[in-house]
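Trainee: Just add 801 to the spot in the sequence shown (first one is 1) and you have this note's numbering.
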Amino acid sequence: MKIQIARLNSEFDELGAKVKFALGQGRDDLAEAAIARQTDIEDLMPVLQSTLHEHQTKANELESYVVALNAKQRELTQALREFAASRQAEVGNLDGRQAARVADAERAFGDVLVRQGGVETSLNETRQDAGKLRELTEMQRQHRIAERLAAAKAEQAQ
Numbered sequence: 802m803k804i805q806i807a808r809l810n811s812e813f814d815e816l817g818a819k820v821k822f823a824l825g826q827g828r829d830d831l832a833e834a835a836i837a838r839q840t841d842i843e844d845l846m847p848v849l850q851s852t853l854h855e856h857q858t859k860a861n862e863l864e865s866y867v868v869a870l871n872a873k874q875r876e877l878t879q880a881l882r883e884f885a886a887s888r889q890a891e892v893g894n895l896d897g898r899q900a901a902r903v904a905d906a907e908r909a910f911g912d913v914l915v916r917q918g919g920v921e922t923s924l925n926e927t928r929q930d931a932g933k934l935r936e937l938t939e940m941q942r943q944h945r946i947a948e949r950l951a952a953a954k955a956e957q958a959q
């Protein structure tokens, strides 16, 4: 949308130069056509700017939802880590036979996932993928923070 507005502004300026040239050449008909296009652009600009403003407002609203969801995800991830740590402590306290039963149950659960849902990853692979996705989400968050910091510095420098 911004690109389209910039393109139309550029076209408007070019048409102004063409109007002057056409009038200098005695071609009022060509100048009239250029002025007609300039008028069309003038009529179109408020609509485009309004639409751009609406899209920016909606994007800001949606970004706030994403930020809130990411915060909730970090909260739930921390709770999951705490649960997994407590579960690991419980499994660590089991004797060899009980630990083997727990491992068998996890493998059986993975097999059910493969058969029923087409999921072809073990629980460990799922945890690894989740870790990578968490890392990616955190990278995106850090990038947003860096962008805002750069914008604030640029604003302050003005």
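Using N, Cα and C, we set each Cβ at its ideal position, and we do this for glycine too.
1. Can the beta-carbon of Lys803 be found closer than 8 Å to that of Leu853?
2. To the nearest angstrom, report how far apart Arg838 and Lys859 are at their CA atoms.
3. Output yes or no for whether 8 Å exceeds the beta carbon distance between Ala835 and Leu809.
4. The alpha helix (DSSP H) with Gln805 in it runs from where to where?
5. Taking the alpha carbon of Ile842 as the point to measure from, which residue in Glu956, Ala807 and His856 has its own alpha carbon closest?
6. With DSSP as the reference, label Arg882 as helix, strand or coil.
7. Taking just the CA atoms, how far does Ala901 sit from Arg908?
8. Quick check: the Cα distance between Arg949 and Gln805, rounded to an integer number of angstroms?
Mentor: In brief:
1. yes
2. 31 Å
3. no
4. Lys803 to Gly825
5. Ala807
6. helix
7. 11 Å
8. 25 Å
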